[in-house]
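Quick note, the sequence shown lines up with residues 1 to 78 if you use the UniProt record's numbering. Below is one structure, written out as structure tokens, with a few remarks after it.
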Amino acid sequence: MISYDTPHMAQRKAEYIRNRGLGGAMWWELSGDHPVNHERSLINITIAGLGGTAGLDGSGNCLDYPASVYDNLKKQFE
């Protein structure tokens, strides 16, 4: 089964997140989304629904796994 969100559903989900003070939104896969400047972009609609880019957390990555066998994780995805 394949399913997808519509722009209306992305807006409703953003409202749900914002109204309940949840931590944010995430996507498993978005390669089929429109470009972010397109009116039907699910990313753009969600960001707008959460209050715009000013409402996004801009803090750096806080992962710290210096003993990881994976270089990208060891270097905190820099």
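For each residue, glycine too, the CB sits at the ideal point set by N, CA and C.
Below 8 Å on the Cβ atoms is my guess for residue i versus residue j; work out the distance and round it to an integer in Å.
| i | j | result |
| --- | --- | --- |
| Pro7 | Ile45 | 5 Å |
Would DSSP call residue i helix, strand or coil?
| i | result |
| --- | --- |
| Gln76 | coil |
| Asp71 | helix |
| Arg12 | helix |
| Gly55 | helix |
| Gly48 | For the record, residue 48 in the displayed sequence is Ala; it is not Gly. Helix at Ala48. |
| His18 | The sequence shown places Arg at residue 18, rather than the His named in the question. If DSSP states are grouped into helix, strand and coil, Arg18 belongs with the helices. |
| Pro35 | coil |
| Pro66 | coil |
Mark residue i as exposed unless 16 or more other C-beta atoms lie within 10 angstroms of its C-beta, in which case mark it buried.
| i | result |
| --- | --- |
| Gly49 | buried |
| Ala67 | exposed |
| Ala10 | buried |
| Ala14 | buried |
For residue i, which residues of its own chain have a beta-carbon under 8 Å away from its beta-carbon, when the five flanking residues on both sides are left out?
| i | result |
| --- | --- |
| Leu73 | Leu63, Tyr65 |
Could you pull out every residue in the same chain whose Cβ sits closer than 7 Å to the Cβ of residue i, ignoring the five residues on either side in sequence?
| i | result |
| --- | --- |
| Asp33 | Ser41, Leu42, Ile43 |
| Ser31 | none |
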